[in-house]
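K.L.:
Residue numbers (the working numbering): 743 to 1121.
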């Protein structure tokens, strides 16, 4: 039996989620701690990343969902092919429990015998997201040390989301060690009873570009022409407009890698090109060879920094003040000037140099703090 079990969003068909799971597992191994990722994916997560969307919502067939299903159908084979890249990464690069768990009841019925349980990183404590689950608060652990590593609450405030605040307060108070990823989360989790809450970096920042390329086969460039890599969680029309104007001004094509966005959500109308391959390895490749990275994503920001790209985090009206994921990171790295509204960006020098020597000095300090937290927690 390995001493540590990790539970996180490792089965999300999302490059950032899978890469942070890989990074945490691998860093723990390098520190001498063997571990498994509990192969857990609940119904909400499987529906969220299914090829064809469900037409049922709360037990009723919805016309709007039928329309979405019909829009998705012509892209079925593209989406099915994209899905395989994520499944291949999971089976090839993550060490998981032999058994797969599909709901919280199955986890609670299992007699796990690990000494330490780590939840995180990613938005595992965002109880508003579709794949939220009490499992990520380690409610299934009967005996062992409970650790939260760089957990994120996203833009969510637990007290404003649930009618049962005490349940989450009890979960949080039962943890032995807690670290979060963003500034807002420190105050919120402390208020809910978390003891000595620390801030730690997302696991993906444990490695620089050379180390990522040593660990994973990034390969030769997929896109042969010069291009802008546009990576977002939600491709809003407001931000898309800015990206399109930049593309036209500098005569650079824009590549995205989410077929669901490009096809069924019809973002191809903006002239965006879809990369023919997908998954975490394609994400790393597109980031490495991009002439410019534009993002509204936390992990898009992280890997723009790791690969020392000329990049911008495009702020917009869709971001809530509570969502400080990107701003917390950029503040830690001394790069707050890279967070900018689209109208201001169009007036800026888009290819201005970034002095990454100072940024990497900040990252090394943050790495030392995070490693110290892990050693302290798993002793």
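C-beta: ideal position from N, C-alpha, C; glycine also. Note that the structure is a prediction, hence the values are computed from the model and not measured.
Just the C-alpha distance for residue 764 and residue 752, rounded to the nearest angstrom, thanks.
P.N.:
Their Cα atoms are separated by approximately 8 angstroms.
K.L.:
Roughly how many whole angstroms lie between the Cα atoms of residue 784 and residue 1050?
P.N.:
36 angstroms
K.L.:
Which runs of the alpha helix (DSSP H), 4 residues or longer, sit entirely within the region 1048 to 1088?
P.N.:
1067 to 1075 and 1084 to 1087
K.L.:
Could you round the C-beta distance between residue 808 and residue 779 to whole angstroms and report it? I think they count as a contact, below 8 angstroms.
P.N.:
Between residue 779 and residue 808 the Cβ distance is about 36 angstroms, and since that is not below 8 angstroms, they are no contact.
K.L.:
Starting from residue 921, trace the beta strand (DSSP E) both ways and give me its first and last residue.
P.N.:
Its beta strand (DSSP E) spans residues 919 to 922.
K.L.:
State yes or no: is the C-beta of residue 1122 within less than 8 angstroms of the C-beta of residue 1036?
P.N.:
Outside the modelled stretch of the chain, which goes from 743 to 1121, sits residue 1122, for which no answer is possible.
K.L.:
Is it true that the CB of residue 988 sits closer than 8 angstroms to the CB of residue 970?
P.N.:
Yes, Cβ-Cβ distance for residue 970 and residue 988 is below 8 angstroms.
K.L.:
To the nearest angstrom, how far is the alpha carbon of residue 1089 from that of residue 1097?
P.N.:
Each residue's Cα considered, the two are about 21 angstroms apart.
K.L.:
Quick check on this structure: which residue in 893, 767 and 786 has the alpha carbon closest to the alpha carbon of residue 799?
P.N.:
786
K.L.:
Quick one: residues in its chain with C-beta nearer than 7 angstroms to the C-beta of residue 1003, no 5 flanking neighbours on either side, listed in chain order?
P.N.:
977 and 1009
K.L.:
Do you know whose CA, among 1020, 998, 1006 and 869, lies nearest residue 1013's CA?
P.N.:
Cα-wise, what sits closest to residue 1013 is 998.
K.L.:
Check whether the region 883 to 897 and the region 919 to 927 are in contact - that is, three or more C-beta pairs closer than 8 angstroms.
P.N.:
yes
K.L.:
Considering only DSSP beta bridges, list what residue 861 is partnered with.
P.N.:
749 and 890
K.L.:
Since residue 1006 and residue 817 should fall inside the 8 angstroms C-beta cutoff, what is the C-beta to C-beta distance between them, to a whole number of angstroms?
P.N.:
Contact between residue 1006 and residue 817 holds, since their C-beta atoms are separated by about 6 angstroms, short of 8 angstroms.
K.L.:
Provide the residue(s) that pair with residue 781 in DSSP beta bridges, ordered along the chain.
P.N.:
842
K.L.:
Could you give the distance in angstroms between the alpha-carbon of residue 911 and the alpha-carbon of residue 935?
P.N.:
Answer to the nearest angstrom: the Cα atoms are 6 angstroms apart.
K.L.:
Determine the extent of the alpha helix (DSSP H) in which residue 913 is found, giving its start and end residues.
P.N.:
907 to 915
K.L.:
Round the Cβ separation of residue 767 and residue 837 to the nearest angstrom and send it over; I've been treating them as touching at under 8 angstroms.
P.N.:
Confirmed, Cβ separation roughly 6 angstroms.
K.L.:
Measure from the alpha carbon of residue 855 to the alpha carbon of each residue in 884, 873 and 847, then state which is nearest.
P.N.:
884
K.L.:
Quick check on this structure: which residue in 824, 845, 1021 and 1017 has the alpha carbon closest to the alpha carbon of residue 831?
P.N.:
Ranked by how close their Cα comes to the Cα of residue 831, the residues 824, 845, 1021 and 1017 have 1021 in first place.
K.L.:
CB-CB under 6 angstroms to residue 758, same chain, minus the five flanking residues each way: which ones, in chain order?
P.N.:
1041
K.L.:
Residue 927 to residue 895, Cα distance in whole Å?
P.N.:
7 angstroms
K.L.:
I'd like the list of long-range same chain contacts for residue 916, defined as Cβ closer than 7 angstroms, with 5 residues on each side in sequence excluded.
P.N.:
888
K.L.:
Count the other C-beta atoms from every protein chain shown that fall within 10 angstroms of the C-beta of residue 963, then say buried if there are 16 or more, exposed otherwise.
P.N.:
exposed
K.L.:
Of all the options 1052, 980 and 973, which has the alpha carbon lying nearest to the alpha carbon of residue 1038?
P.N.:
973
K.L.:
Check whether the Cβ atoms of residue 744 and residue 776 sit closer than 8 angstroms, and answer yes or no.
P.N.:
yes
K.L.:
Would you mind giving the Cβ-Cβ distance between residue 1055 and residue 1072, rounded to the nearest angstrom? I have them listed as a contact below 8 angstroms.
P.N.:
7 angstroms
K.L.:
Could you tell me the boundaries of the beta strand (DSSP E) in which residue 970 lies?
P.N.:
970 to 973
K.L.:
According to the neighbour-count rule (16 or more other Cβ atoms, all chains shown, within 10 Å of its Cβ), is residue 872 buried or exposed?
P.N.:
Counting Cβ neighbours within 10 Å, residue 872 comes out exposed, since fewer than 16 surround it.
K.L.:
My output table needs one value for residue 1034: the three-state DSSP class, helix, strand or coil.
P.N.:
strand
K.L.:
Where residue 869 and residue 899 are concerned, what is the direct C-alpha to C-alpha distance, given to the nearest angstrom?
P.N.:
Cα-Cα distance, rounded: 9 angstroms.
K.L.:
Just mark residue 812 as buried or exposed, buried being the case when its beta carbon has 16 or more other beta carbons within 10 Å.
P.N.:
Residue environment: residue 812 is assigned as exposed (fewer than 16 neighbouring CB atoms within 10 Å of its CB, all protein chains considered).
K.L.:
If we ignore side chains and look at the alpha-carbon of each, how far apart do residue 1025 and residue 881 end up?
P.N.:
33 angstroms
K.L.:
Would you give the residue range spanned by the alpha helix (DSSP H) that residue 835 belongs to?
P.N.:
818 to 835
K.L.:
Identify which residue in 1105, 874, 924 and 1074 has its Cα closest to the Cα of residue 1065.
P.N.:
924
K.L.:
How many angstroms separate the CA atom of residue 948 from the CA atom of residue 1045?
P.N.:
11 angstroms
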